[in-house]
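Just add 245 to the spot in the sequence shown (first one is 1) and you have the numbering used here.
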Amino acid sequence: MIGRLQGTLIEKQPPEILIDVNGVGYEVSMPMNCLYQLPEVGETATVYTHFVVREDAQLLYGFSGKRERALFREVIKANGVGPKLGLAILSGMTANHFVDSVEHNDVSTLVKIPGVGKKTAERLVIEMRDRLKNWEAFDLFTPHTDAATAEGAALRAAPTTISSAADEAVSALVALGYKAAQAEKVVKQIATDDMSSEDVIRHALRSMV
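As structure tokens, then:
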């Protein structure tokens, strides 16, 4: 079981990163709300991981803290929710937003996440409500995750050209399960030449949930 990685951040290709630990590069998929908290490429990063073994692949999912990972593990216990969908759910909304949606039976918000139909959303509400009773929303994610601003993300990711940032954003959204046409339309409306790809992704996700 690989529970934590600490090493040099080599690449950020949302929603995936490549981190070098003692000469070995690990590909890790991360919810966008965690990926926003990473330092710049070339700096040391620490991620807590959830290891998934399948017949055809071994996959690592990364999180900025143990609480984030714990929430992910609770989410994927729900019927019909695997790691990929869990990643999309925790990328599509902040921890507080997710908890609020569950507590208030807000199925209409949950179904906006790619891969979450009405039945899945209803199961999430029913199954997660009891599991989250003893969880304080502010404990689920690091305090600054939900409050992260575009300015903060800009400091972590050097701005690229608008076409490059937009292309990377579209690719990330498609990887999270959004339709290419939908992703392209939203990104086109949002992207400006002073935004990094992470800025574009954050604003796109907010507009679609």
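The beta-carbon is built from N, C-alpha and C at its ideal position, and this holds for glycine as well. Computed from a prediction, not measured in an experiment: that's the story for all the values here.
If you draw a straight line from the C-alpha of Y293 to the C-alpha of G248, how long is it?
6 Å
For a test of the three-state rule: what should DSSP assign to R451, helix, strand or coil?
helix
Based on the DSSP secondary-structure assignment, which residues constitute the bridge partners of G420?
A small correction: the amino acid at residue 420 is Ala; Gly does not occupy that position in the sequence shown. A420 pairs with nothing; no bridge assigned.
Using the Cβ count rule (16 or more neighbours within 10 Å means buried), how would you classify K257?
buried
Output the distance between the C-alpha atoms of Q303 and V297, rounded to the nearest integer angstrom.
6 Å
Rounded to whole angstroms, what's the CA-CA distance from A417 to V445? Just pull it up for me.
10 Å
Secondary structure at K322, three-state DSSP: helix, strand or coil?
coil
Using the Cα positions of A393 and A410, report the straight-line distance between them to the nearest angstrom.
In this prediction, A393 scores a pLDDT of 40, lower than 50, which makes its location untrustworthy; the coordinate-derived value is nonetheless stated afterwards. If I take the Cα positions, the gap works out to 19 Å.
Considering only residues of the same chain and omitting the five flanking positions on each side of M453, which have a CB-CB separation below 8 Å?
G337, K357, Y423, Q427 and V431
Take G362 as the anchor and find which of I334, D345, D375 and H342 has the nearest alpha-carbon.
I334
Taking the CB atoms as reference points, tell me whether L250 and V286 lie closer together than 7 Å.
no
Contacts around V509, its chain only, beta-carbon distance under 7 Å, and the 5 residues preceding and following it disregarded:
Any answer about residue 509 is impossible in this case: the structure gives the chain only from 246 up to 454.
Distance CB(G360)-CB(L330) smaller than 7 Å
yes
Once you ignore the five residues that flank V266 on each side, which residues in its own chain have a CB closer than 6 Å to its CB?
L250 and G252
Alpha carbons only, please: which of M373, I262, P260 and K311 is nearest the one belonging to C325?
Note that residue 325 corresponds to Gly in the displayed sequence, not to Cys. Taking only the C-alpha atoms, the option nearest G325 is M373.
Since Y271 and L305 should fall inside the 8 Å C-beta cutoff, what is the C-beta to C-beta distance between them, to a whole number of angstroms?
6 Å
Pairwise C-alpha distance: K322 and V415:
29 Å
C-beta atoms of E313 and C279 nearer than 7 Å:
yes
Give the DSSP-derived three-state secondary structure of K363 in the structure shown.
helix
Euclidean distance between Cα positions of I435 and R299
37 Å
How is L377 classed by DSSP in three states: helix, strand or coil?
coil
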